[in-house]
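Residue numbering for the sequence shown is 56 to 382, as defined by my numbering.
Quick reminder that beta carbons are idealized off the backbone N, C-alpha and C, glycines included.
None of the values given here were measured: they were computed from a predicted structure.
Single-structure report; data block below.
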Amino acid sequence: MNGNRADWLERFEGEIARIFAEAAAGLPALPAPLAGRAGALLEKVNPLSSGSGGGATNYICFLLPLWLQEKTGHDTRLCRDLAIGNVYAMLHFFLLDDAMDAGDAAAPEETRRALALGQLLHEAFRRRYGRYFPEDSPLWTRYEAYLADWALAVTEEGERLAEPADAAALARKSAPVKLCAAGMLLLSGQEERIPRMEEALDLVLATLQLSDDWADWREDLAEGGERRNAFLTLVRRRLALPSGEPLEERAVKRGIYHKGGLRELAGIAGGHRERLECMPEVPYALLAFHSDTVMGLERDASEAEEWVERLAAGGGLSLLLSDLANK
56 MNGNRADWLE
66 RFEGEIARIF
76 AEAAAGLPAL
86 PAPLAGRAGA
96 LLEKVNPLSS
106 GSGGGATNYI
116 CFLLPLWLQE
126 KTGHDTRLCR
136 DLAIGNVYAM
146 LHFFLLDDAM
156 DAGDAAAPEE
166 TRRALALGQL
176 LHEAFRRRYG
186 RYFPEDSPLW
196 TRYEAYLADW
206 ALAVTEEGER
216 LAEPADAAAL
226 ARKSAPVKLC
236 AAGMLLLSGQ
246 EERIPRMEEA
256 LDLVLATLQL
266 SDDWADWRED
276 LAEGGERRNA
286 FLTLVRRRLA
296 LPSGEPLEER
306 AVKRGIYHKG
316 GLRELAGIAG
326 GHRERLECMP
336 EVPYALLAFH
346 SDTVMGLERD
356 ASEAEEWVER
366 LAAGGGLSLL
376 LSDLANK
């Protein structure tokens, strides 16, 4: 994901450095046993750190306030504060997700530390946002709605099939990301634009989820998480497998290389891009970020198709099918 990187990341690197420096400066207030862990998490998601393991969803968490500045006219200090609050909130949700995913496999003391640190980070997020939004601000009602969407998503994950074409459902797990956009529009007197911005962000977040599901399909399949992976839902349908028949890795590869599953996934993401390009309220940097994600899927789909073409040209259909079965 780097075709438009200069437009959505590189020109903001100076501000990103300030955001993470200020976020780190707030950590010493945490109890000593937890401050070190928080610092390590912060380092992991900092895209300017050599040890960063952050993904695309991480980027949108702390860059969205900067991207929205051009559409809302807010000063840099406000955008920076909301970005720092988003970093704290992001780490809070990471810790919650990890604790839920680990379940009984985690040591009780590790779960206690994670939940305690998560609560402290959540309070740090509230304090940062509280500089601009008092307790009676309508923003907190919206936050409750975003939080409810997140809670529904994590509760139902694995129980309901992840639907690749349902952007709103795919975006629910990341719904709190939308809070800064709602807040910036409220403060700039553009409350009427919030629903349209929420729709746009749902499309972006859905594309990010589709990209993650493509990247994680082997891991999800091995862990019995087929139902939470939208790409695997799509592949099962492309293969016309009965609901009771297990989906195996070999079959997924057949769906990728022989049934055009990845091209269909890229097509869904491309449809999101077309809709976003028709929304004047979407800032250019957000469009560039989303376009990079779509281009990554399209590139992967093209590479899969080119591999099939080379194999077919070199060895015929029987060799192709044999390789699809064993690749």
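Next item on the list: Kindly identify the DSSP beta-bridge partner or partners of Glu164.
Entry: Numbered from its first residue, the sequence shown carries residue 164 at position 109. Glu164 pairs with nothing; no bridge assigned.
Check: When you compare each of Leu320, Met239, Pro231 to Trp272 by their alpha carbons, which one comes out closest?
Finding: Mapped onto the sequence shown, residue 272 falls at position 217. Closest option to Trp272, Cα to Cα, is Leu320.
Check: Quick one, are the C-beta atoms of Lys50 and Leu294 less than 8 Å apart?
Finding: Absent from the model: residue 50. The displayed extent of the chain is 56 to 382, so no value can be given.
Check: Is the beta carbon of Glu281 sitting closer than 8 Å to the one on Leu302?
Finding: For the purposes of this step, residue 281 is identified with residue 226 of the sequence shown, where counting begins at 1. For the purposes of this step, residue 302 is identified with residue 247 of the sequence shown, where counting begins at 1. A contact, by the Cβ cut-off of 8 Å.
Next item on the list: Starting from Tyr201, trace the alpha helix (DSSP H) both ways and give me its first and last residue.
Entry: On the sequence shown, position 146 is the one that residue 201 refers to. Boundaries of the alpha helix (DSSP H) around Tyr201: 194-211.
Notebook entry, point to check: Between the C-alpha atoms of Arg365 and Val307, what's the straight-line distance to the nearest angstrom?
Noted result: Taking the sequence shown and counting its residues from 1, one reaches residue 365 at position 310. Taking the sequence shown and counting its residues from 1, one reaches residue 307 at position 252. So the alpha carbons of these two residues sit roughly 20 Å apart.
Check: If Pro231 sits next to Thr288, beta carbons under 8 Å apart, how far is it from one beta carbon to the other, in whole angstroms?
Finding: Mapped onto the sequence shown, residue 231 falls at position 176. Mapped onto the sequence shown, residue 288 falls at position 233. The Cβ separation is near 24 Å, so there is no contact.
Next item on the list: Count the C-beta pairs between the region 257-264 and the region 126-137 that are closer than 8 Å, then say yes if the count reaches three, no if not.
Entry: Look at the beta carbons and you see the region 257-264 not touching the region 126-137: under three pairs across the two are nearer than 8 Å.
Notebook entry, point to check: Assuming Glu98 contacts Pro338 under a Cβ cut-off of 8 Å, what Cβ separation, rounded to an integer in Å, is found between them?
Noted result: In the sequence shown, the residue the question calls residue 98 occupies position 43. In the sequence shown, the residue the question calls residue 338 occupies position 283. The C-beta distance from Glu98 to Pro338 rounds to 28 Å, too long to meet the 8 Å contact threshold.
Item checked: Alpha-carbon spacing of Glu68 relative to Leu118, whole angstroms -> Within the sequence shown, the letter at position 13 stands for residue 68. Within the sequence shown, the letter at position 63 stands for residue 118. Their backbone Cα atoms lie some 10 Å apart in a straight line.
Notebook entry, point to check: Can you pull the DSSP bridge partners for Arg215?
Noted result: Within the sequence shown, numbered from 1, the residue matching residue 215 stands at position 160. Per DSSP, Glu212.
Next item on the list: Name the two residues that bound the continuous alpha helix (DSSP H) containing Pro88.
Entry: If you number the sequence shown from 1, residue 88 lands on position 33. Unbroken alpha helix (DSSP H) run through Pro88: 87-100.
Notebook entry, point to check: Where Gly185 and Asn141 are concerned, what is the direct C-alpha to C-alpha distance, given to the nearest angstrom?
Noted result: Working through the sequence shown from its first residue, we reach residue 185 at position 130. Working through the sequence shown from its first residue, we reach residue 141 at position 86. Looking at the two C-alpha atoms, the distance is approximately 13 Å.
Margin query: Rounded to the nearest angstrom, what separates Phe75 and Ala217 at their Cα positions?
Written below: To locate residue 75, count along the sequence shown from 1; it is residue 20. To locate residue 217, count along the sequence shown from 1; it is residue 162. The straight-line gap from Cα to Cα measures roughly 34 Å.
Notebook entry, point to check: From Glu329, Leu146, Ile323, Leu317, pick the residue whose C-alpha is nearest to that of Ser357; which is it?
Noted result: Numbered from its first residue, the sequence shown carries residue 357 at position 302. Ser357 has its Cα closest to that of Leu317, out of Glu329, Leu146, Ile323, Leu317.
Margin query: If you follow the alpha helix (DSSP H) that Gln264 is in, where does it begin and where does it stop?
Written below: Working through the sequence shown from its first residue, we reach residue 264 at position 209. DSSP places Gln264 in the uninterrupted alpha helix (DSSP H) bounded by 249-270.
Notebook entry, point to check: Can you tell me where the alpha helix (DSSP H) with Phe188 in it begins and where it stops?
Noted result: Here the question's residue 188 lines up with position 133 in the sequence shown. Run containing Phe188: none; DSSP gives neither H nor E here.
Next item on the list: Take Leu175 as the anchor and find which of Asp347, Trp63, Ala80, Leu85 has the nearest alpha-carbon.
Entry: Walking along the sequence shown from the start, residue 175 turns up at place 120. Comparing C-alpha distances from Leu175 to each of Asp347, Trp63, Ala80, Leu85 shows the shortest one belongs to Leu85.
Checklist line | Enclosing alpha helix (DSSP H) for Met386 [first to last residue] | finding: Residue 386 lies beyond the range of the chain shown here (56 to 382); nothing can be said about it.
Note to self: Helix, strand or coil, according to DSSP, for Lys233 in the structure here?
What the structure shows: The count along the sequence shown starts at 1 and reaches residue 233 at position 178. Helix, per DSSP.
Check: Using DSSP with H/G/I as helix, E/B as strand and the rest coil, what is Gln174?
Finding: Walking along the sequence shown from the start, residue 174 turns up at place 119. Gln174: helix per DSSP, three-state reduction.
Note to self: Can you give me the C-alpha to C-alpha distance between Glu461 and Asp152, rounded to a whole angstrom?
What the structure shows: Past the edges of the chain, shown from 56 to 382, lies residue 461, and the structure says nothing about it.
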